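Position one of the sequence shown corresponds to residue 2 (our numbering), numbered consecutively onward.
Ideal placement from N, C-alpha and C gives every residue a C-beta, glycine not left out.
Only a predicted model underlies this, so the values are computations on that prediction, with no experimental measurement involved.
First comes the structure, then the notes that go with it.
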Amino acid sequence: MENIPPTSAAFLEHLKRSIFQGALCWGSSTEIQMDLPNPTKWGWQKSESGTLNPFWTKKPEIGKVLKWLKYNCKKKCASKCCCMKADFILVGTKKISSFKMKGALFILLTTVLSVLAEQKFAVEPEDVSAVVGSHVTLPCKVISKHGMLQWTKDDFGLGTHRNLSAFERYSMIGNDEDGDFSLKIESVNLDDDAKFQCQVSPSEDFILVGTKKISSFKMKGALFILLTTVLSVLAEQKFAVEPEDVSAVVGSHVTLPCKVISKHGMLQWTKDDFGLGTHRNLSAFERYSMIGNDEDGDFSLKIESVNLDDDAKFQCQVSPSEGQPGIRSKFATLTVVIPPEPPIISHGEFYLATENQEFELECSSNGGKPAAELTWLDGSGNAITTGVRNIKEPMPDNRRFVSKSILKIKPQKEHHNTTLTCQSQNTADRNLKTAQVNVEVKYAPTVQLTIENSNEPNDGIREGDEAKFYCLADANPNVITYKWFVNEELVVGDYTTEMVNII
Numbered sequence: 002m003e004n005i006p007p008t009s010a011a012f013l014e015h016l017k018r019s020i021f022q023g024a025l026c027w028g029s030s031t032e033i034q035m036d037l038p039n040p041t042k043w044g045w046q047k048s049e050s051g052t053l054n055p056f057w058t059k060k061p062e063i064g065k066v067l068k069w070l071k072y073n074c075k076k077k078c079a080s081k082c083c084c085m086k087a088d089f090i091l092v093g094t095k096k097i098s099s100f101k102m103k104g105a106l107f108i109l110l111t112t113v114l115s116v117l118a119e120q121k122f123a124v125e126p127e128d129v130s131a132v133v134g135s136h137v138t139l140p141c142k143v144i145s146k147h148g149m150l151q152w153t154k155d156d157f158g159l160g161t162h163r164n165l166s167a168f169e170r171y172s173m174i175g176n177d178e179d180g181d182f183s184l185k186i187e188s189v190n191l192d193d194d195a196k197f198q199c200q201v202s203p204s205e206d207f208i209l210v211g212t213k214k215i216s217s218f219k220m221k222g223a224l225f226i227l228l229t230t231v232l233s234v235l236a237e238q239k240f241a242v243e244p245e246d247v248s249a250v251v252g253s254h255v256t257l258p259c260k261v262i263s264k265h266g267m268l269q270w271t272k273d274d275f276g277l278g279t280h281r282n283l284s285a286f287e288r289y290s291m292i293g294n295d296e297d298g299d300f301s302l303k304i305e306s307v308n309l310d311d312d313a314k315f316q317c318q319v320s321p322s323e324g325q326p327g328i329r330s331k332f333a334t335l336t337v338v339i340p341p342e343p344p345i346i347s348h349g350e351f352y353l354a355t356e357n358q359e360f361e362l363e364c365s366s367n368g369g370k371p372a373a374e375l376t377w378l379d380g381s382g383n384a385i386t387t388g389v390r391n392i393k394e395p396m397p398d399n400r401r402f403v404s405k406s407i408l409k410i411k412p413q414k415e416h417h418n419t420t421l422t423c424q425s426q427n428t429a430d431r432n433l434k435t436a437q438v439n440v441e442v443k444y445a446p447t448v449q450l451t452i453e454n455s456n457e458p459n460d461g462i463r464e465g466d467e468a469k470f471y472c473l474a475d476a477n478p479n480v481i482t483y484k485w486f487v488n489e490e491l492v493v494g495d496y497t498t499e500m501v502n503i504i
């Protein structure tokens with residue numbers, strides 16, 4: 002009988018050992034150096050030889066709290082009865098006497114030792130809208146409430162009494178038997194536009210698990226919180242936030258979100274279906290890490306200094322555990338974009354053309370992802386759309402591209418000394434990069450002949466008048482030889498742009 006421990010105290014020590022082994026030891030089993038608390042505070046005791054043995058209970062063994070009695074009383078117990086001499090009080094003697102335990106041994110229990118049921122929420126409040134002046138009820142029902150219950154308004158406690166006397170329009174309705182502590186607000190006004198929460202405090206030898214925030218815990222130093230969720234049915238693990246497709250410029254940082262509710266299994270990210278590991282630091286991938294914390298269920302993947310190797314399909318996965326099925330997020334594609342290199346015009350910065358003789362200029366920009374968008378501009382800054390042919394070719398890595406734009410021109414005199422511009426850009430960098438070429442056009446002379454004399458313009462030229470003839474020529478190159486002809490006969494003399502003749 003001495004080996005039977007009192008239930009409540011023994012359960013507490015057993016629960017400590019379970020959490021120490023399951024949550025602390027196994028939870029840190031993947032760490033190189035485990036930082037564990039003193040096990041003697043977690044249901045173990047150290048022997049003289051230094052070994053750890055289970056510490057069963059702080060209560061005395063059952064043989065010291067129970068007594069064996071021989072029940073021989075056939076009538077009402079009197080002062081000489083062994084029951085009275087043992088200084089015990091029998092409660093409900095009528096029921097016990099009906100067991101007909103004559104001459105038998107029975108145990109009189111002095112304490113009923115039972116395990117307290119876990120206090121938890123049966124109904125929690127939900128977001129609600131209310132019209133000014135109306136009444137609203139925020140539901141809150143608790144199963145096996147042990148601690149003190151109160152509502153908070155924007156984290157300010159309203160009180161633990163049902164009438165909430167400090168708030169005349171507020172009251173907790175329902176009854177303790179049903180565990181109903183719903184908050185009723187009468188004549189709603191703007192002061193009630195707030196965040197409300199139903200809270201139950203821890204009670205002696207009992208830890209509340211109710212709201213999601215309280216169910217998350219940290220074990221630091223000698224102060225620890227024991228969670229009684231060991232006895233409850235585990236909530237279904239599911240995603241609160243899943244990753245989405247995203248684009249990132251090479252060299253930048255990107256975070257793929259992943260938040261899990263009630264995670265039980267092992268979580269890891271995959272890249273193109275290849276597992277990256279279950280530790281947050283992802284040591285095999287120095288630019289990768291899982292940020293956030295377990296309490297918030299945040300296992301977002303942070304990628305630093307993005308490069309082309311990160312252009313892949315990612316997924317957040319949680320393995321099956323404790324009867325819970327495994328879950329997988331939807332795939333998220335990380336598209337890495339790269340600015341193109343500055344454009345280059347194949348003919349350099351100068352091109353010599355001949356009037357009416359067609360020629361081509363080629364502009365190229367390498368390394369863009371996506372391929373660079375190339376545009377030609379004329380000397381006035383207007384986009385050239387005719388005579389343009391664009392080509393996009395993959396580079397050897399099949400990820401980046403070479404963009405080419407070929408401009409076909411039939412040059413005219415007006416194209417002489419024109420600066421043509423090729424500009425490039427893509428979605429990775431909308432800042433335009435440019436290259437320019439100056440086009441010089443060789444063209445034949447164009448001649449303009451004018452005449453000048455001393456007469457009035459309307460008088461014309463009379464016989465014997467002196468007349469001056471001017472020859473104006475424009476050509477490139479501007480090396481011009483002048484010859485004068487009269488009636489198709491060459492005029493002898495050293496005339497250039499001006500010739501004097503007597504009519």
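CB-CB under 8 angstroms to residue i, same chain, minus the five flanking residues each way: which ones, in chain order?
| i | result |
| --- | --- |
| N190 | V133, G134 |
| G349 | V438 |
| G388 | L408, K409, I410 |
| V129 | V137, L139 |
| T451 | F470, Y471, L473 |
Please tell me whether residue i has its Cβ less than 8 angstroms away from any Cβ of chain B.
| i | result |
| --- | --- |
| D398 | Although the question refers to chain B, the structure presented lacks it and comprises just one protein chain. |
Which residues in the same chain have their Cβ closer than 7 angstroms to the Cβ of residue i, if we skip the five residues on either side of it in sequence?
| i | result |
| --- | --- |
| L159 | Q151, W152, T153, L165, F168, Y171 |
| Q269 | G276, L277, G278, T279, Q318 |
| S217 | Bear in mind that the predicted position of S217 carries a pLDDT of just 32, short of 50, making it unreliable; the figure below should be weighed with that in mind. Contacts found: E296. |
| K213 | The pLDDT assigned to K213 is 31, lower than 50, so where the model puts this residue is not dependable; a value taken from the coordinates is nonetheless given after this. So the list is empty, once near-sequence residues are dropped. |
| A241 | K260, V261, I262, G298 |
| K47 | T41, L53 |
Might you give, ordered along the chain, the residues of its own chain that have their beta carbon closer than 6 angstroms to the beta carbon of residue i, omitting 5 neighbours on each side?
| i | result |
| --- | --- |
| V442 | A354, E356, P412, H416, H417 |
| T17 | Rather than Thr, the amino acid found at residue 17 in this sequence is Lys. Same-chain partners within the cutoff: W43, G44. |
| T334 | D246, K314 |
| D181 | K142, G175 |
| L139 | P126, L184, F197 |
| F332 | K314, Q316 |
Compute the beta-carbon to beta-carbon distance between residue i and residue j, rounded to the nearest angstrom, for a pair I have assumed lies under 8 angstroms.
| i | j | result |
| --- | --- | --- |
| I186 | H136 | 7 angstroms |
| I392 | E359 | The Cβ separation is near 19 angstroms, so there is no contact. |
| L375 | L421 | Between L421 and L375 the Cβ distance is about 12 angstroms, and since that is not below 8 angstroms, they are no contact. |
| P371 | N427 | 5 angstroms |
| I144 | A123 | 5 angstroms |
| S404 | S347 | So it is not a contact: roughly 13 angstroms between Cβ atoms. |
The beta strand (DSSP E) that contains residue i, what's its start and end?
| i | result |
| --- | --- |
| N427 | 419-427 |
| R431 | 430-454 |
| G368 | 360-369 |
| K185 | 184-186 |
| N54 | 53-55 |
| I262 | 260-262 |
| W485 | Here W485 belongs to no beta strand (DSSP E), and DSSP marks it neither H nor E. |
| L277 | From DSSP, L277 is part of no beta strand (DSSP E); its letter is neither H nor E. |
| I292 | 289-292 |
| I304 | 301-304 |
| M173 | 171-173 |
| Q238 | No beta strand (DSSP E) holds Q238; DSSP gives it neither H nor E. |
Can you tell me which residues form a DSSP beta bridge with residue i?
| i | result |
| --- | --- |
| F157 | K154 |
| F122 | V143 |
| S322 | Q325 |
| L16 | Bridge partners of L16: none, in fact. |
| A384 | L378 |
| A249 | V337 |
| N391 | S406 |
| M500 | F470 |
| W270 | C317 |
| L491 | F486 |
Under a Cβ-count criterion, where at least 16 other Cβ atoms within 10 Å of its own Cβ denotes burial, should residue i be classed as buried or exposed?
| i | result |
| --- | --- |
| D312 | buried |
| H162 | exposed |
| S406 | buried |
| L106 | The predicted position of L106 is uncertain, since its pLDDT is 30 and thus under 50; no value can be drawn from it. |
| S330 | buried |
| A195 | exposed |
| E14 | buried |
| H254 | exposed |
| P478 | exposed |
| I462 | exposed |
| W27 | exposed |
| E119 | buried |
| P341 | buried |
| A384 | exposed |
| K484 | exposed |
| P258 | buried |
| V448 | exposed |
| M291 | buried |
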